[in-house]
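According to our numbering, the sequence shown holds residues 1 to 69 in order. Ideal Cβ positions, reconstructed from N, Cα and C, are used throughout, including at glycine.
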Amino acid sequence: MFNLYPSASNNSSDIENEISQQLGQTNSNNDRLVSEYQKVRPKIVRKLANVRQEELESIGIFADWKRKK
């Protein structure tokens with residue numbers, strides 16, 4: 001179910017869980033694992049942000065979702 005009031009730690013754990021599933025935790029080389037983590041994390045964050053946006057829009061919450069630089 002969609003959580004209307006997600007905490008920052010909840011969002012982090014979603015991201016960490018998704019990354020762990022993609023990379024697996026059997027990698028014994030920490031340097032390689034960190035490198036892979038840094039490559040995958042931005043993609044996962046964007047994916048989960050899009051999911052959250054769709055959930056909010058489905059309950060009628062609309063906003064300017066484009067990130068301003």
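Using a Cβ-Cβ cut-off of 8 angstroms (strictly less than) and excluding sequence neighbours within five positions of residue i, which residues of its own chain qualify?
i          : result
residue 15 : 41, 44, 45, 48
residue 57 : none
residue 37 : 19, 23
Look up residue i in the DSSP assignment and say whether it is helix, strand or coil.
i          : result
residue 59 : coil
residue 14 : helix
residue 39 : helix
residue 66 : coil
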